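Numbering-wise, this note's numbering comes out as the position in the sequence shown, counting from 1, plus 220. Okay, so here's the structure we're looking at.
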Amino acid sequence: EDSGHFADEEISRIVAVLGSQEHRTCLAIGAQDWPTPLPSSYELTVSTDDFRAFNAECGIFRFLLTDPGCSWAISCNEWFNLFAGPPAFVEQMLGVPIQQSREEFLEYAKLVEQGSEGQLMEIVRLYE
221 EDSGHFADEE ISRIVAVLGS QEHRTCLAIG AQDWPTPLPS SYELTVSTDD FRAFNAECGI
281 FRFLLTDPGC SWAISCNEWF NLFAGPPAFV EQMLGVPIQQ SREEFLEYAK LVEQGSEGQL
341 MEIVRLYE
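Shown next, in the form of structure tokens:
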């Protein structure tokens with residue numbers, strides 16, 4: 221089972237979108253201090269090789285990916301990724317309209333929480 225944040229097709233799409241906007245590097249900032257030898261942040265080149273290496277090494281940890289100017293972000297955790305930025309840019313990175321992505325996340329939240337009102341449903345309501 222893949223334990224990374226992104227599937228190969230997502231990496232290819234995200235790298236292509238970032239590259240088309242002339243983003244050459246991005247930052248991966250850890251949600252907590254990691255045990256040695258893992259650093260709490262990385263600078264990645266916008267390339268499939270760097271994204272795959274990041275995915276392999278840090279795919280089970282919580283990270284925030286963003287550019288140095290914070291014009292977009294991807295919040296990665298163990299179960300899902302949240303994308304932020306200008307709407308058209310986010311749709312390009314997702315590969316689907318934002319509304320479709322929201323509907324898919326709602327279905328995911330319902331499945332995971334099995335009718336309860338937990339944290340995933342709170343996230344759904346926050347972004348409605």
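Built from N, CA and C at the ideal position, the CB exists for glycine as well. Please read these numbers as outputs of a predicted model, since none were measured by experiment.
Use the C-beta contact count for residue i: other C-beta atoms within 10 angstroms, 16 or more gives buried, fewer gives exposed.
i	result
tryptophan 292	buried
cysteine 246	buried
valine 266	buried
isoleucine 234	buried
leucine 346	exposed
isoleucine 280	exposed
valine 316	exposed
State yes or no: is the C-beta of residue i within less than 8 Å of the C-beta of residue j?
i	j	result
leucine 285	cysteine 278	no
threonine 268	isoleucine 294	no
alanine 251	tyrosine 262	no
Please report the residue range of the alpha helix (DSSP H) in which residue i lies.
i	result
tyrosine 328	318-333
asparagine 275	268-278
leucine 247	Run containing leucine 247: none in the alpha helix (DSSP H); it sits in the beta strand (DSSP E), 245-250.
leucine 314	307-314
What three-state label does DSSP hand residue i in the structure shown?
i	result
phenylalanine 226	coil
serine 240	helix
glutamate 342	helix
phenylalanine 283	strand
Return the Cβ separation of residue i and residue j in integer angstroms, given the expectation that the two are a contact with Cβ distance under 8 Å.
i	j	result
glycine 224	asparagine 275	4 Å
leucine 340	valine 332	6 Å
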